[in-house]
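In this note's numbering, the protein residues as written are 113 to 577.
Where is the CB? At the ideal position from N, CA and C, for every residue including glycine.
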Amino acid sequence: MAEYDVVIIGGGPGGYNGAIRAGQLGLKVACVESRETLGGTCLNVGCIPSKSLLHASEMFEVARKDFSGLGIEVTPTLNLPAMMKQKADSVGQLTKGIEFLFKKNKVDWIKGEGRLAGPGKVEVTAADGSRTLLEAKSIVIATGSRPSPLAGVEVDQKRIVDSTGALVLPEVPGSLIVIGAGVIGLELGSVWRRLGAKVTVVEFLDRITPGLDQETAKTLQRSLTRQGMSFQLGAKVTGAAVRADGVDLTVEPVAGGAAKTLSADYVLLAIGRQPVTTDLGLESVGLTTDKRGFIETDHFRTAAAGIYAIGDVTHGPMLAHKAEDEAVACLELIAGKAGHVNYDLIPNVIYTYPEVASVGKTEEELKAAGVAYKVGKFAFSANSRAKVNHEGDGFVKVLADATTDRVLGVHMIGPSVSEMIGEYCVAMEFAASSEDIARTCHPHPTRSEALRQAAMGVEGWTMQS
Ligand code: FAD
Ligand code: NAI
């Protein structure tokens with residue numbers, strides 16, 4: 113039996129960051145991962161391949177539609193296999209990078225399915241069926257999440273795909289129906305629309321991207337509609353019939369009324385994700401999950417002594433950077449240090465065009481909590497850099513406490529906002545007021561000036577024309 117200070121089950125952003133941090137802290141650590149490569153959902157079938165296709169498809173669309181506006185005449189043609197290959201190459205390099213970091217930080221990667229086998233014990237079953245028992249003072253569960261199923265719509269990864277299948281479609285669909293107007297549906301729907309598919313998004317609620325600031329969500333929907341994506345809101349899919357060359361979906365209005373049939377070449381099911389907690393041997397240490405399958409934690413500690421849980425398998429946003437922050441803090445606590453995650457300041461990004469980025473409270477949340485706030489807003493159409501780049505869609509909105517001026521929330525939709533939200537994360541972590549941002553010199557001409565102008569808008573001295 114191999115003995116460790118820490119055994120981590122799962123090699124995604126939670127697991128691999130935790131394992132590396134454990135190595136840095138001098139702990140003897142093993143990470144159990146059943147995939148062929150490290151990096152979990154994020155690197156293999158999530159963040160990284162989706163962003164690769166989003167970038168490549170955006171370049172294609174820009175070349176096709178926007179180059180002529182810059183005085184560049186080209187007629188691009190799509191080479192889908194080459195686009196898929198460059199995506200796979202990036203993924204391969206990044207997953208290999210984690211393997212390198214494991215070696216550098218003396219992390220043992222134990223390949224196979226991990227299962228709790230009583231307090232302090234993890235049994236690993238390798239692909240060839242052989243078993244190894246690991247003993248550990250602390251065990252961290254970081255088994256992540258998988259796509260949620262929908263009754264009546266069976267994913268076959270051929271005609272009806274989940275996010276994993278949508279990253280490797282063999283052709284550009286003539287038509288694609290996306291079930292769910294959440295992050296995955298809008299990002300991967302955008303990829304295939306840009307490459308030529310007619311995309312229809314069917315959403316249960318009467319709005320897209322639940323949880324996102326309403327005004328931002330409406331602006332995003334308008335922009336995606338202008339780009340050619342169509343939306344059927346307040347509609348539920350109740351069944352699917354797969355044909356040789358497509359799918360017929362039965363769709364009913366949520367408010368009641370007659371069902372109709374929607375047909376497409378392919379269907380992407382993206383109605384959320386659920387934690388991976390089945391077959392983990394939780395009962396062997398007296399652990400249960402909540403009704404939705406999540407492991408409940410208090411500062412990463414589960415109800416079982418010496419067992420911790422982090423990332424998608426626990427409550428909170430299912431985001432790679434949330435899993436990563438929890439991993440670092442959890443391992444620091446295990447090592448006797450003071451690990452901490454500020455759940456109020458976990459940024460959220462949607463990598464569509466325009467991009468959406470937010471951190472902190474939404475207007476709806478502040479109203480519900482009875483907090484008096486001021487709003488500063490700046491449109492990218494008045495930002496010189498966005499203007500010369502022909503990227504005037506969207507705005508930055510800053511919400512600040514009406515009494516103290518402390519920034520409580522920031523919501524941006526526009527060009528490259530994913531790269532700019534970090535400024536507000538840092539500022540808010542340091543309890544900045546909107547005036548702190550408003551009086552900080554920003555380089556000209558940059559899109560980042562819109563961040564400052566929105567903060568100036570809180571006190572009404574924005575320079576917007
Ligand atoms: P995971 O990454 O799911 O890793 C868990 C790992 O555990 C997996 O590799 C799994 O094989 C392994 N495992 C499970 N059970 C066992 C077992 N019993 N034994 C051994 N190994 C096991 N988030 C962002 O922040 N930004 C994005 O842009 C983004 N884009 C995304 C795009 C898509 C298409 C998807 C699907 C997700 C995206 N996410 C994004 C979400 C992000 O991928 C997850 O939040 C993140 O991967 C969670 O990390 P984790 O370590 O908790 O779990
Ligand atoms: P989601 O929770 O973002 O959106 C799911 C959508 O499906 C919601 O709008 C919901 O109302 C709708 N829905 C639920 N049931 C439905 C039904 N029966 N019919 C029609 N619509 C239905 O989930 P999604 O898009 O699957 O993403 C899963 C997770 O992955 C998210 O929590 C997100 O955090 C993470 N992710 C993050 C990304 C990022 O940070 N950019 C990118 C992709 C995924």
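Taking 7 Å as the threshold (C-beta atoms), are F492 and G526 in contact? yes
Using the Cβ count rule (16 or more neighbours within 10 Å means buried), how would you classify K208? Under this definition K208 is an exposed residue.
Rounding to the nearest angstrom, what Cα-Cα distance links E283 and G301 in this structure? 14 Å
In the DSSP assignment, the alpha helix (DSSP H) including G277 goes from what residue to what residue? 275 to 278
Across the stretch 534 to 551 and the stretch 503 to 517, are there enough close Cβ pairs to call them in contact, namely three or more that are closer than 8 Å? yes
Are M295 and L165 touching if we call contact CB-CB under 7 Å? Contrary to the premise, residue 295 reads as Val rather than Met in this sequence. Contact: no.
Nearest-angstrom beta carbon gap, V468 and T328 [assumed within contact, 8 Å]: 6 Å
L445 to G451, Cα distance in whole Å? 5 Å
Distance cut-off 6 Å: I296 Cβ against heavy atoms of the ligand NAI: For I296, the shortest separation between its Cβ and any heavy atom of the ligand NAI lies below 6 Å.
Does the ligand FAD have even one heavy atom less than 6 Å from the beta-carbon of I120? no
Beta carbon of A382: closer than 6 Å to some heavy atom of the ligand NAI? Taking non-hydrogen atoms of the ligand NAI into account, the C-beta of A382 is found less than 6 Å away from one of them.
Just to check, is the beta-carbon of I222 closer than 6 Å to a non-hydrogen atom of the ligand NAI? no
So, does the stretch 234 to 245 touch the stretch 315 to 327, judging by three or more C-beta pairs under 8 Å? With fewer than three CB-CB distances shorter than 8 Å, the stretch 234 to 245 does not count as touching the stretch 315 to 327.
Which partner residues of C537 appear in the DSSP bridge assignment? Paired residues: none, contrary to the question.
C159 lies in the alpha helix (DSSP H); which residues open and close that run? 159 to 173
Please work out which residues of its chain come closer than 6 Å, Cβ to Cβ, to S560, disregarding the five sequence neighbours upstream and downstream, and give them in chain order. M532, H554
Leaving out five residues before and five after C143 in sequence, what residues of the same chain have Cβ atoms less than 6 Å from its Cβ? I120, G123, G127, A131, V219, W221
Using the rule of at least 16 other Cβ atoms within 10 Å of the residue's Cβ for burial, across every protein chain shown, is N191 buried or exposed? Burial call: exposed.
So is M575 buried or exposed if we call it buried at 16+ other beta carbons inside 10 Å? exposed
Given 6 Å as the limit, tell me if R147 has its C-beta closer than that to any heavy atom belonging to the ligand FAD. yes
Expected contact under 8 Å - CB spacing of V252 and Y420 to nearest Å: Their Cβ separation, rounded to whole angstroms, is 5 Å, which keeps V252 and Y420 in contact under 8 Å.
Tell me the rounded alpha-carbon separation between V186 and V487. 43 Å
Less than 7 Å between the C-beta atoms of V349 and V314, yes or no? At a Cβ-Cβ threshold of 7 Å, V349 and V314 count as neighbours.
Nearest by alpha-carbon distance to E211: which of I458, L155, N460, L457 is it? L155
I need the boundaries of the beta strand (DSSP E) containing T244, first residue and last residue. Start and end: 243 to 253.
Would you check whether the ligand FAD has a heavy atom nearer than 6 Å to the C-beta of E225? yes
Could you compute how far the alpha carbon of A352 sits from the alpha carbon of T373? 9 Å
Nearest by alpha-carbon distance to P557: which of M524, I383, V500 is it? V500
Could you tell me if A367 is buried or exposed, where buried requires 16 or more neighbouring beta carbons within 10 angstroms of its beta carbon? exposed
Please list the terminal residues of the continuous alpha helix (DSSP H) segment that includes T337. 326 to 338
Using 8 Å as the threshold, is the stretch 275 to 294 in touch with the stretch 375 to 384, meaning 3 or more CB pairs across them? yes
Given V203, which residues of its chain have a CB within under 7 Å of its CB, disregarding the five upstream and five downstream residues? L155, N156, I160, P161
For R176, which of E145, R306, A278 has the nearest alpha-carbon? R306
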